[in-house]
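Residue numbers (our numbering): 2 to 437. Every residue gets a Cβ at the ideal spot worked out from N, C-alpha and C, and that includes glycine. As the structure is a computational prediction, the values presented were derived from the model and not from experiment. Let me begin by presenting the structure, written as structure tokens, before commenting on it.
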Amino acid sequence: MIDQRLLRTDLDGVKEALSRRARAGTIDDIDQASRLDARLLDIARQRDAIRASVNGLSKQVGQFRHDGKMDDADALQAESRELGAQEKSLGTEHDEVSAALNELLLGIPNLPHPGAPDGANEDDNPVIVGPIGLREEYPPHQRVPHWESAEQLGILDNERATKISGAMFTMQRGAGATLARALCQYGLDLNADAHEEIRAPSLVSTAALTATGQLPKFADDAYEIERDDLWASPTAEAPLTSIYAQETLKDTELPIRLMAHSSSYRREAGSAGRDTRGMLRAHEFDKVEMMAYATPEQAPELLDDMVARAERAIAELGLPYRVIEICTGDMGQSHHRTYDVEVYAPGADAWLEVSSVSWLGDYQARRAGIRFRRHGEDGKPLKGTEFAHTLNGSALAVPRVWAAIIENYRNEDGTVTVPEVLHPYMRGITVIGGSV
RNA sequence: GGAGAGGUGCCAGAGCGGCCGAAUGGGAUGCCCUGCUAAGGCAUUGAUCCUCCGGGAUCCGUGGGUUCAAAUCCCACCCUCUCCGCCA
């Protein structure tokens, strides 16, 4: 959520920033929100004034009754009762306007960082690193898409996964399953130097998904477990961000950096029919996620560090990759500034997004009620609190990295060499397929 | 799922429907006392919103209700603890 007060203090600035996002209707929503905000303020002032009178009268009533002046008390009670009726109607109006405003605000995207590149869509995302490790030519045996080679090797069995759960579910077997698990462990170990490992719930509350921005606007993208008012977490970002919801942290304990391996569940409602083959897009997939709570001052450096970590994971696997910055037209609703790491898969002949690292500003913190208190040089707490900044990003998205390994490391005989950094986790498997 | 107990400030813990944003104790902070420490004395110690900066409103698990007035009464829900059941 953007800062509601900006609607009063810098409406033009908000509009200017959000117009860069090229999302239809946003400016109208801002105008509408601004009007509602003004009205709400007006109503709240009136209501508070009436409440003040009622409170004052009630006190007098108490005094009169205490002194035995019942007639005076009765008179004041009557007066107060009338005020109460006024307050009630104002209160109803206040609640209605407040609900409408809140709904609007929850749908208004975050303000993009001034340095984020302008652009209309994903075609305008500038490449800022690489490509690194990309070959001029790929031999024919690496031009085989993984859904063919992996099925041949017997390490991917999506046909049977479909039998179990339907289309767009995947299943790895044998060395393929081992490889998927190895990637999780690798992703965690690589970042354990700076992150606390979390194993969080996979089913999360409506509040948790609202905090991160998936709700209310993108409800169709998530699996809902209606009976229990829970949602299958579409990313570990959701549970990780709600860990400190409604808490006030100390600036001295920031940044708090967490990582989690989790399964992620997505209905992929908006991308039905896209990337339906292999491991490129599935309803359920595993990844290792990084998350940070920070002060506004710490955030830029953390963003760079998290991108570097995502990059390093791919680089050390020996996969060709590049880093792009997401332009204003392609950014997610909650994002303030975002970088993607993409890996090249020669078989599918595509750049696959394997990490998306974002700085959310205080957008999610405001929704989740995550605050922090500053402390002075002398270590004493200062007056007041601020919303924290949050950042998150995938340290390693398993399926697409898995696919990229199968395609990039495919040998002429159809076997797949396991990247060296994964050897500690592969139970001795260094080559997939062939006579092991 | 069943039975019972409970959810109050940084912590513990009290709270007749009005004098309760909240006793008391602990902690923390400041000052005094003191050669130092300990002990002691005094004081301070929540957040959010609005503000004509005087102040006003709200918050005692959450949401409703009763009342001139609710931490206190009523209803629903959530969570925690104990016992039983079930279970990895």
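Residue from Ile-315, Pro-132, Thr-329 whose Cα sits closest to the Cα of Glu-421: Comparing Cα positions, the closest option is Ile-315.
Beta-carbon separation (whole angstroms), Met-307 vs Leu-392, contact threshold 8 Å: With a Cβ gap of about 6 Å, Met-307 and Leu-392 count as contacting.
Beta carbon of Tyr-245 nearer than 9 Å to that of Ala-396: In this structure, the beta-carbon distance from Tyr-245 to Ala-396 does not fall below 9 Å.
Buried or exposed by the 16-neighbour rule on C-beta atoms within 10 Å, applied to Met-71: exposed
Distance, Thr-431 Cα to Glu-149 Cα: 21 Å
Beta-bridge partners of Glu-343, as assigned by DSSP: Within the DSSP bridge table, the entry for Glu-343 names Arg-323, Glu-354 as partners.
6 Å Cβ shell around Asp-221 - same chain, five flanking residues per side excluded: In chain order, Ala-270 place their CB closer than 6 Å to the CB of Asp-221, counting only its own chain and leaving out the 5 sequence neighbours on each side.
Contact under 9 Å by Cβ, Glu-490 with Glu-238: Outside the modelled stretch of the chain, which goes from 2 to 437, sits residue 490, for which no answer is possible.
Status (buried if at least 16 other CB within 10 Å, exposed otherwise) for Pro-141: exposed
Spatial neighbours of Asp-68 in its chain, beta-carbon cut-off 6 Å, leaving aside the 5 residues before and after: none
C-alpha gap between Ile-165 and Glu-298, whole angstroms: 48 Å
For Met-291, the first and last residue of its enclosing beta strand (DSSP E): 285 to 295
Check whether Gly-214 and Gln-365 have beta carbons under 9 Å apart: yes
Coil, strand or helix - Thr-10 by DSSP: helix
Straight-line Cα distance separating Tyr-224 from Gly-108: 20 Å
Range of the contiguous beta strand (DSSP E) that encloses Ala-233: It spans 231 to 233 - the beta strand (DSSP E) in which Ala-233 sits, taken as one unbroken run.
Whether Cys-185 touches His-95 by CB criterion (9 Å): Taking the C-beta atoms as reference points, His-95 is found no nearer than 9 Å to Cys-185.
Option nearest Glu-248 by Cα separation, candidates Ser-265, Leu-231, Tyr-294, Val-205: Tyr-294
Best match in Ser-335, Pro-110, Asp-276, Ile-406 for proximity to Val-15 [C-alpha to C-alpha]: Pro-110
Collapsed DSSP secondary structure at Glu-312 in the structure displayed: Annotated three-state conformation of Glu-312 is helix, per DSSP.
Simplified DSSP state of Phe-373, which is helix, strand or coil: strand
Touching by the beta-carbon criterion (3+ pairs, under 8 Å), the stretch 322 to 336 and the stretch 372 to 382: no
Separation of Glu-160 from Ala-351, as counted between CA atoms: 23 Å
CB contact flag (Val-355, Ala-398, <9 Å): The beta carbons of Val-355 and Ala-398 sit closer together than 9 Å.
Three-way DSSP call (helix, strand, coil) for Asn-103 in this model: Three-state result, Asn-103: helix.
The stretch 124 to 134 in contact with the stretch 21 to 34 per 3-pair CB rule at 8 Å: no
8 Å contact criterion, which Pro-1 and Gly-348 should meet: CB distance rounded: This structure cannot speak to residue 1, because the chain is shown only from 2 to 437.
Where Ile-430 sits in the DSSP three-state scheme: Looking at Ile-430 - three-state DSSP - the assignment turns out to be coil, as it is neither helix nor strand.
Entirely enclosed alpha helix (DSSP H) segments - the stretch 164 to 217, minimum 4 residues: 176 to 192, 207 to 213
Cα-Cα separation between Ala-39 and Glu-104, rounded to whole angstroms: 16 Å
Terminal residues of the alpha helix (DSSP H) in which Gly-63 lies: 27 to 68
Where the beta strand (DSSP E) through His-390 begins and ends: 390 to 398
Spatial neighbours of Ser-35 in its chain, beta-carbon cut-off 6 Å, leaving aside the 5 residues before and after: Leu-8, Leu-12
Straight-line Cα distance separating Tyr-340 from Val-437: The pLDDT assigned to Val-437 is 46, lower than 50, so where the model puts this residue is not dependable; a value taken from the coordinates is nonetheless given after this. Approximately 40 Å, taken between the alpha carbons.
Length of the line joining the Cα atoms of Ala-209 and Pro-118: Each residue's alpha carbon lies about 30 Å from the other.
Rounded straight-line distance, which links the Cα of Leu-112 to that of Val-417: 45 Å
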